[in-house]
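Visitor: Quick one: structure below, then a few questions.
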Amino acid sequence: ASTPAPGARVTEIEIGALSKTFGRGAQAFRALSDVSVSINRGEFFTLLGPSGCGKTTLLRLIAGFEQPSGGTLRIGGREVAGLGPNQRPVNTVFQNYALFPHMSVAENIGFGLRMQRRPAAERRETVDRMLRLVRMEAMADRRPTQISGGQQQRVALARALAPQPRVLLLDEPLSALDLKLRKEMQSELKRLQLETGITFVFVTHDQEEALTMSDRVAVMSEGRILQTGTPEEIYNRPADRFVADFIGDTNFLDAVVQDITATHAVVRLPGGARLAANLPAGGGTAAGATVTVVIRPEHARLVGDSADGPADEGAVLSGQVERSVFFGTDTHVHLRLSDGTPFVVRRQNTAAATPPPEIGREVSVALAGGAVQVLRN
Ligand code: ATP
Numbered sequence: 020a021s022t023p024a025p026g027a028r029v030t031e032i033e034i035g036a037l038s039k040t041f042g043r044g045a046q047a048f049r050a051l052s053d054v055s056v057s058i059n060r061g062e063f064f065t066l067l068g069p070s071g072c073g074k075t076t077l078l079r080l081i082a083g084f085e086q087p088s089g090g091t092l093r094i095g096g097r098e099v100a101g102l103g104p105n106q107r108p109v110n111t112v113f114q115n116y117a118l119f120p121h122m123s124v125a126e127n128i129g130f131g132l133r134m135q136r137r138p139a140a141e142r143r144e145t146v147d148r149m150l151r152l153v154r155m156e157a158m159a160d161r162r163p164t165q166i167s168g169g170q171q172q173r174v175a176l177a178r179a180l181a182p183q184p185r186v187l188l189l190d191e192p193l194s195a196l197d198l199k200l201r202k203e204m205q206s207e208l209k210r211l212q213l214e215t216g217i218t219f220v221f222v223t224h225d226q227e228e229a230l231t232m233s234d235r236v237a238v239m240s241e242g243r244i245l246q247t248g249t250p251e252e253i254y255n256r257p258a259d260r261f262v263a264d265f266i267g268d269t270n271f272l273d274a275v276v277q278d279i280t281a282t283h284a285v286v287r288l289p290g291g292a293r294l295a296a297n298l299p300a301g302g303g304t305a306a307g308a309t310v311t312v313v314i315r316p317e318h319a320r321l322v323g324d325s326a327d328g329p330a331d332e333g334a335v336l337s338g339q340v341e342r343s344v345f346f347g348t349d350t351h352v353h354l355r356l357s358d359g360t361p362f363v364v365r366r367q368n369t370a371a372a373t374p375p376p377e378i379g380r381e382v383s384v385a386l387a388g389g390a391v392q393v394l395r396n
């Protein structure tokens, strides 16, 4: 095979129509249905979805701990069906670290290399490099019980990276950590991934973690991938209601399509205001149709508000304030629109911001049109 041009995308993992059914007959449960996705070499790729949607099952199929019921799975261009975990160029980091308690930090990190029967000098050199990579040089001789949870997680990462797998699979590796440590480890993980260039497949149910760390995200529900895209794409251009709802706070409004081009529509909102909105990929709607549009709370502002927000545009909704929730950097003002639809406006708590409007106040809401998305019906 010819060497790809620098910067060109090379597929590392190719998954085609993969399915997995557990059990048989009346007990059968389909955990994955028709999952197809390509993961690029060197990519930080995240599987995101609620509990039970099949993230771990997909990861375990890639790892070789489970065998698929149907479909294809290639890693590095090679079909891996039938190969066990040790025969695949992948390594896994689990949620509970699973360090060997009777081994030192250095011995834990060197374990995989020992299994591969690498020469002692090479093992020592690699273990030292890994200790530096995860900043654990000073604790090489400690036992897992003598280091903190965050340090244990770093050792688990080093142990998985030491044999230089093509792909590192990470199953909610940060979920046992407290919030502050979790944030620190998020940037550590990102740094490790960039420094090693290894393809990371990361499982989480935390949408913020997925958005901040990933090159691309696959959003899963009930054994299927609903949308794959960059964090910006899935946040700003959600394909359907589940994705829009799962990724961040969202307003849904019913609207009527008035005018339509290949990529945009002019829609009429409740109350009569008109607004330009992005159409989903593939279109799928027509003038006169009733559609659902997604408006993020930060793309709306209270008219005449002193707090920062998007510039006022033509489209205006009106409603009544029901409550306000303070989040530190911003406040969510919950409204009830004239037609009864709930609507949330995010208001930044800048130094200039006055207190939010009191409960019961009648307010108008201006919308930034470019950020409004029409959902697939
Ligand atoms: P979580 O975030 O809670 O870990 P998940 O998205 O990783 O969830 P999976 O662990 O992949 O979900 O499970 C998907 C579905 O498959 C669940 O309904 C689960 O009960 C089912 N399942 C998983 N493993 C088995 C098994 N060995 N036998 C039967 N059903 C299974």
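Per UniProt numbering: the sequence shown = residues 20 to 396.
Built from N, CA and C at the ideal position, the CB exists for glycine as well.
1. Any heavy atom of the ligand ATP closer than 7 Å to the CB of alanine 47?
2. For leucine 213, does the three-state DSSP call read helix, strand or coil?
3. Can you tell me whether alanine 295 sits near the ligand ATP, meaning its C-beta is under 7 Å from at least one heavy atom of the ligand?
4. What is the DSSP secondary structure of isoleucine 166, reduced to helix, strand or coil?
5. With the ligand ATP as the reference, list in chain order each residue whose Cβ lies under 6 Å from any of its heavy atoms.
6. CB arginine 235 to CB phenylalanine 119, shorter than 8 Å?
7. Find the nearest neighbour of alanine 300 within the set Ala274, Asp259, Glu85, judged by alpha-carbon distance.
8. Could you work out which residue in Pro163, Ala390, Ala295 is closest to proline 257 when comparing CA atoms only?
9. Using only the alpha-carbon positions, how far apart do alanine 385 and aspartate 147 sit?
10. To the nearest angstrom, report how far apart glycine 169 and proline 361 are at their CA atoms.
11. Whole angstroms are fine: how far does the CA of valine 285 sit from the CA of leucine 193?
12. Could you give the uninterrupted runs of the beta strand (DSSP E) lying entirely in the segment 303-374, keeping only those of 3 residues or more?
13. Helix, strand or coil, according to DSSP, for valine 29 in the structure here?
14. Skipping 5 residues on each side, what residues in its chain have a beta carbon closer than 7 Å to that of glutamine 171?
15. To the nearest angstrom, how far is the alpha carbon of alanine 229 from that of alanine 125?
16. Taking buried to mean at least 16 other C-beta atoms within 10 Å of its own C-beta, is glutamate 31 buried or exposed?
17. DSSP on isoleucine 128, reduced to helix/strand/coil?
18. Pick out whichever of Val174, Phe48, Lys209 has its Cα sitting closest to the Cα of phenylalanine 130.
19. Mind listing, in chain order, the continuous alpha helix (DSSP H) runs of no fewer than 4 residues lying wholly within the segment 136-197?
20. Verify whether the separation of the beta carbon atoms of serine 233 and phenylalanine 221 is less than 8 Å.
21. So, helix, strand or coil for glycine 44, using DSSP?
22. Who are the Cβ neighbours of alanine 20 in its own chain at under 7 Å, not counting the five residues just before and after it?
23. Can you check which of these residues, Gln392, Val262, Leu211, is closest to arginine 154 by C-alpha distance?
24. Just curious, the alpha helix (DSSP H) that asparagine 255 is in, first and last residue?
25. For valine 244, which residues of its own chain have a beta-carbon under 8 Å away from its beta-carbon, when the five flanking residues on both sides are left out?
26. Pull up the distance between the alpha-carbon of asparagine 297 and that of threonine 282, whole angstroms please.
27. Identify, in the order they occur along the chain, each residue of the same chain with its Cβ nearer than 6 Å to the Cβ of alanine 319, setting aside the five sequence neighbours on each side.
28. Figure out for me which residue from Thr76, Ile58, Arg315 has the closest Cα to the Cα of glutamine 86.
29. Please report the residue range of the beta strand (DSSP E) in which valine 220 lies.
30. As a quick exercise: from Leu152, Arg201, Asp225, Ala82, pick the residue whose alpha carbon is nearest that of glutamate 214.
31. Contact check, glycine 89 vs alanine 27 under 8 Å by CB: the rounded distance?
32. Kindly indicate which residue of Ser337, Pro250, Val276, Arg43 has the alpha-carbon position closest to the one of threonine 309.
33. Taking leucine 188 as the reference, give the member of Pro250, Asn127, Ile94 with the closest Cα.
34. Alanine 292 lies in the alpha helix (DSSP H); which residues open and close that run?
Guide: Considering the structure as presented:
1. Outside the cutoff, so no.
2. If DSSP states are grouped into helix, strand and coil, leucine 213 belongs with the helices.
3. Outside the cutoff, so no.
4. Three-state DSSP puts isoleucine 166 in coil, outside helix and strand.
5. Cβ-based neighbours of the ligand ATP within the cut-off: Phe41, Gly42, Phe48, Ala50, Gly68, Ser70, Gly71, Cys72, Gly73, Lys74, Thr75, Thr76, His224.
6. Against a cut-off of 8 Å, the Cβ pair of phenylalanine 119 and arginine 235 comes out as no contact.
7. Measuring C-alpha to C-alpha distances from alanine 300 to each of Ala274, Asp259, Glu85 identifies Asp259 as the nearest.
8. Taking each of Pro163, Ala390, Ala295 in turn and checking the Cα distance to proline 257, the smallest one comes out for Ala390.
9. A straight-line Cα-Cα distance of about 58 Å links alanine 385 and aspartate 147.
10. If you draw a straight line from the Cα of glycine 169 to the Cα of proline 361, it comes to about 41 Å.
11. Approximately 43 Å, taken between the alpha carbons.
12. Within the segment 303-374, complete beta strand (DSSP E) segments of at least 3 residues are found at 309-314, 319-321, 335-345, 349-356, 361-367, given in chain order.
13. Secondary structure at valine 29: coil, using DSSP grouped into helix, strand and coil.
14. The answer, listed in chain order, is Tyr116, Leu118, Pro163.
15. The straight-line gap separating the alpha-carbon atoms of alanine 229 and alanine 125 is approximately 31 Å.
16. Buried, by the Cβ-count rule.
17. Here isoleucine 128 sits in helix by DSSP.
18. It is Val174.
19. The segment 136-197 contains these whole alpha helix (DSSP H) runs: 139-152, 168-180.
20. One thing to note: serine 233 has its Cβ within 8 Å of the Cβ of phenylalanine 221.
21. In the structure shown, glycine 44 sits in a helix (DSSP, three-state: H, G or I).
22. Caution is warranted here: a pLDDT of 48 is assigned to alanine 20, below 50, making its placement in the model unreliable, and the coordinate value is therefore given only provisionally. Hits under 7 Å: none found.
23. Across the set Gln392, Val262, Leu211, the C-alpha of Leu211 shows the shortest separation from the C-alpha of arginine 154.
24. Start and end: 250-255.
25. The residue asked about is misnamed: residue 244 is isoleucine in this sequence, not valine. Closer than 8 Å at the Cβ level, and outside the excluded window around isoleucine 244, lie Val54, Ser55, Val56, Ala237, Val238.
26. Taking the straight line from one Cα to the other gives about 6 Å.
27. In its chain, beyond the 5 residues on either side, Val364, Val384, Leu386 have a beta carbon closer than 6 Å to the beta carbon of alanine 319.
28. It is Thr76 whose Cα lies nearest to the Cα of glutamine 86.
29. First-last of the beta strand (DSSP E) with valine 220: 218-223.
30. Taking the Cα of glutamate 214 as reference, the smallest distance to any Cα among Leu152, Arg201, Asp225, Ala82 is reached at Leu152.
31. With 8 Å as the limit, glycine 89 and alanine 27 do not qualify as a contact, their Cβ atoms being about 31 Å apart.
32. Of the listed residues, the one whose Cα sits closest to threonine 309 is Val276.
33. Taking each of Pro250, Asn127, Ile94 in turn and checking the Cα distance to leucine 188, the smallest one comes out for Ile94.
34. Unbroken run through alanine 292: none, as it is neither H nor E.
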